[in-house]
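S.K.: Going by the numbering used here, the letters in the sequence shown line up with residues 105 to 552, in that order.
Here you go, one structure.
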Amino acid sequence: MQIDEKLEPILAEVLRRNAGEAEFHQAVREVLESLGRVVAKHPDYAEDALIERICEPERQIIFRVPWVDDSGQVQINRGFRVQFNSALGPYKGGIRFHPSVNLGIIKFLGFEQTFKNALTGLPIGGGKGGSDFNPRGRSDAEIMRFCQSFMTELHRHLGEHTDVPAGDIGVGGREIGYMFGQYKRLTNRYEAGVLTGKGLAYGGSRARREATGYGAVYFVERMLATRGTDFAGKTAVVSGAGNVAIYTMEKIRAFGGSVAACSDSTGYVVDENGIDLDLVKEIKEVRRERISEYARLKRTGTHYIENGSIWDVPCQIAMPSATQNELTGKDARKLVRNGVLAVGEGANMPSTPDAVRIFQEAGVLFAPGKAANAGGVATSALEMQQNASRDSWTFEQTEERLAAIMRNIHDSCAETAEEYGAPGDYVLGANIAGFVRVAQAMRALGVT
Ligand code: NDP
105 MQIDEKLEPI LAEVLRRNAG EAEFHQAVRE VLESLGRVVA KHPDYAEDAL IERICEPERQ
165 IIFRVPWVDD SGQVQINRGF RVQFNSALGP YKGGIRFHPS VNLGIIKFLG FEQTFKNALT
225 GLPIGGGKGG SDFNPRGRSD AEIMRFCQSF MTELHRHLGE HTDVPAGDIG VGGREIGYMF
285 GQYKRLTNRY EAGVLTGKGL AYGGSRARRE ATGYGAVYFV ERMLATRGTD FAGKTAVVSG
345 AGNVAIYTME KIRAFGGSVA ACSDSTGYVV DENGIDLDLV KEIKEVRRER ISEYARLKRT
405 GTHYIENGSI WDVPCQIAMP SATQNELTGK DARKLVRNGV LAVGEGANMP STPDAVRIFQ
465 EAGVLFAPGK AANAGGVATS ALEMQQNASR DSWTFEQTEE RLAAIMRNIH DSCAETAEEY
525 GAPGDYVLGA NIAGFVRVAQ AMRALGVT
């Protein structure tokens, strides 16, 4: 899609000011492509440099993270927190530990998070953080020392009313526990609402672990319903084998679908009897091993392909749930040829712009990550509500809220796309619905 000429200078300035940050450019470009229709209908949204301000993070923090490994060597990593937009509430967004992390990646994630959080309808602003620390192969003691050092700097920028991180790639329940422990020690406060994704033993919410994956499946189910169909009897492919992928697979199965393949960063496994989720959980959540173990442990009907593209596996529903730009134009063409009906992004920006265009031109139902994976952060906001009221809800209560939020997000994207003359375009619908909510709040708050 072309960018409206009124918005071109804004993109040019973002590219100039954030040189070399390719993922951030990609995320901003995609949103600006959708906003042409908004400024055509409501020119006042282009006033007071509102869109320029939305593209500029409120605050960017970069810090040194020194720590001592098991052999006594001092290691240094770089920590980031980008506090993108607080018009709707405290900054909220995960922390990623992965060697690929840099400022541009954290900025793209924080930018996306701002619109995603707005879509949930809950009072949360957008932020994101992380480090180029590689947790793979590190002992539990090393992970703890790293998390403690990371939080030693980060804690001064957080607070339940200021900035509330959660997990993301490489950060799960274990890491959140270590970070919360260090925050509590440094501040001498039991401020449960300062982090989400906590364990149930110390203020976590039931269904938070499952929420992103389950939520993505709820979204796709609602999208399939617009074509009078559902998951029952359909074959899905889910990339990744982490938090989002595992609970996406679990819900697909609960809805009567089967999952043919899943992956990690080294390769993918195909199981002709449907992926055995208990085995994936054992390998990934308990043993913390490679997905190649799956084929070694369960020989019949399975095979493992190293470094191949999981999107070669034919399916009716594709749910990319690993990382950004993991599904290319070439993959999209293959999926379309193999008859894919719907694509739901569990990860953030996993499809390249080319891939998105190919899906949309082929009439494939396409749910962008900022809408489809919003269930995680929405349930984090429910965790904050429980912490604030010192309450603890049942799994069923929480999942019911999650399902209702996902239905609302779906409907609001669909209705917005319709209102702006692009029925069925969930990318446009999500970008505009998210933008309008943030923009209205920002206007009310004056030039900040
Ligand atoms: P995890 O760390 O639990 O799992 C990530 C999975 O993706 C692993 O299987 C990992 O394989 C694989 N992966 C990571 N990097 C790459 C890569 N460069 N190439 C191929 N595979 C890769 O993370 P999550 O499941 O939490 O996050 C997955 C995605 O979902 C991310 O885009 C994240 O931003 C997004 N997301 C997560 C939310 C959450 O609540 N956790 C909420 C909303 C979005 P390996 O083990 O080999 O590295």
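From the three backbone atoms N, C-alpha and C, an ideal C-beta is built for every residue, glycine too.
Any contact of the segment 360–378 with the segment 389–400, i.e. 3+ C-beta pairs under 8 Å?
M.R.: Output reads yes: the segment 389–400 touches the segment 360–378.
S.K.: Would the segment 457–475 count as touching the segment 272–280 if we require 3 or more Cβ pairs under 8 Å?
M.R.: No: fewer than three Cβ pairs fall under 8 Å.
S.K.: Helix, strand or coil for K196, going by three-state DSSP, please let me know.
M.R.: K196 falls in the strand class under three-state DSSP.
S.K.: Helix, strand or coil: how does DSSP classify D416 here?
M.R.: Helix, per DSSP.
S.K.: Taking the alpha carbon of I379 as the reference point, which residue from R400, T406 and N238 has its own alpha carbon closest?
M.R.: When each option's Cα is compared against that of I379, the closest is T406.
S.K.: Is V132 near ligand 1, in the sense that its beta carbon is under 7 Å from a heavy atom of that ligand?
M.R.: Checking the Cβ of V132 against ligand 1 gives no.
S.K.: Find out if the Cβ-Cβ distance for the pair E308, K355 is shorter than 8 Å.
M.R.: Here residue 308 turns out to be Gly, not Glu, going by the sequence shown. For G308 and K355, no; Cβs fall outside 8 Å.
S.K.: For I155 and I114, which I take to be in contact (beta-carbon distance under 8 Å), what is that distance rounded to the nearest angstrom?
M.R.: Contact holds; Cβ gap of about 6 Å.
S.K.: Beta-carbon separation of V481 and K211 under 8 Å?
M.R.: No, the Cβ-Cβ distance between V481 and K211 is not below 8 Å.
S.K.: With 16 as the cutoff for other CB atoms within 10 Å, does G556 come out buried or exposed?
M.R.: The displayed coordinates of the chain run from 105 to 552. Any statement about residue 556 would go beyond what the structure contains.
S.K.: Would the beta-carbon of S425 be found less than 7 Å away from any heavy atom of ligand 1?
M.R.: Within the cutoff, so yes.
S.K.: With respect to 7 Å, is the separation between the Cβ of G450 and the closest non-hydrogen atom of ligand 1 below this value?
M.R.: Result yes, Cβ under 7 Å from ligand 1.
S.K.: Is the closest heavy atom of ligand 1 to the C-beta of I273 under 7 Å?
M.R.: I273: yes, Cβ under 7 Å from ligand 1.
S.K.: Output the boundary residues of the beta strand (DSSP E) element that contains N446.
M.R.: Looking at the sequence shown, residue 446 is not Asn but Ala. Here the beta strand (DSSP E) through A446 covers A446 to G448.
S.K.: Under three-state DSSP, which class holds Y372?
M.R.: Y372: strand per DSSP, three-state reduction.
S.K.: Taking 8 Å as the threshold, find out whether the segment 261–275 comes into contact with the segment 296–314 through three or more Cβ pairs.
M.R.: Touching, yes, given that three or more Cβ pairs across the two stretches are closer than 8 Å.
S.K.: Can you tell me where the beta strand (DSSP E) holding T291 begins and where it ends?
M.R.: It is not in any beta strand (DSSP E) - T291 instead sits in the alpha helix (DSSP H) that spans G277 to T291.
S.K.: Taking just the CA atoms, how far does P424 sit from R441?
M.R.: Near 17 Å, if we compare the C-alpha coordinates of P424 and R441.
S.K.: Pick out whichever of K110, V169 and H202 has its Cα sitting closest to the Cα of E151.
M.R.: Here the closest residue by C-alpha is K110.
S.K.: Which runs of the alpha helix (DSSP H) at least 4 residues long sit entirely within the segment 404–485? Give them in chain order.
M.R.: Complete alpha helix (DSSP H) runs here, min 4: 433–441, 457–465 and 473–476.
S.K.: Going straight from the alpha carbon of E500 to that of A116, what length do you get?
M.R.: Taking the straight line from one Cα to the other gives about 48 Å.
S.K.: Mind reading off the beta-carbon distance from V341 to V417? Whole number of angstroms is fine, and I expect it under 8 Å.
M.R.: Between V417 and V341 the Cβ distance is about 5 Å, and since that is below 8 Å, they are a contact.
S.K.: Please name the residue or residues paired with S496 in a DSSP beta bridge.
M.R.: Its beta-bridge partners do not exist; DSSP assigns none.
S.K.: In three-state terms, what does DSSP make of C251?
M.R.: DSSP places C251 in helix when its eight states are reduced to three.
S.K.: Specify the secondary structure class of P113 as computed by DSSP and reduced to three states.
M.R.: DSSP places P113 in helix when its eight states are reduced to three.
S.K.: Going by DSSP in three states, P170 sits in which element: helix, strand or coil?
M.R.: Note: P170 maps to strand in three-state DSSP.
S.K.: With a threshold of 16 other CB atoms inside 10 Å of the CB of N377, please say whether the residue is buried or exposed.
M.R.: That one is exposed.
S.K.: Taking the alpha helix (DSSP H) that E217 falls in, what are its first and last residues?
M.R.: In the sequence on display, residue 217 carries Gln and not Glu. Start and end: L207 to L223.
S.K.: So does S369 have its beta carbon nearer than 7 Å to some heavy atom of ligand 2?
M.R.: With respect to ligand 2, the structure shown offers nothing to examine, as its ligands consist of ligand 1.
S.K.: Check the C-beta distance from S343 over to A399 and give it rounded, since I have them as a contact under 8 Å.
M.R.: No, S343 and A399 are not in contact; Cβ-Cβ is about 17 Å, not under 8 Å.
S.K.: Just to confirm my understanding: we take E216, look at its own chain, exclude 5 residues before and 5 after, and list those with CB closer than 6 Å. What are they?
M.R.: These residues qualify, in order along the chain: A131, N452 and K474.
S.K.: Is the beta carbon of Q428 within less than 7 Å of some heavy atom of ligand 1?
M.R.: Under cutoff, so the answer is yes.
S.K.: Measuring only the C-alpha atoms, how far is Q286 from N429?
M.R.: Each residue's Cα considered, the two are about 34 Å apart.
S.K.: Once you ignore the five residues that flank M353 on each side, which residues in its own chain have a CB closer than 7 Å to its CB?
M.R.: Here the set comprises V342, V363, C366, I379 and L381.
S.K.: Tell me, please, whether the segment 508–519 touches the segment 532–543 by the rule of three or more beta-carbon pairs shorter than 8 Å.
M.R.: Enough Cβ pairs lie closer than 8 Å, so yes.
S.K.: With F250 and G448 assumed to form a contact (beta carbons below 8 Å), what rounded beta-carbon distance in angstroms separates them?
M.R.: Contact doesn't hold; Cβ gap of about 33 Å is too wide.
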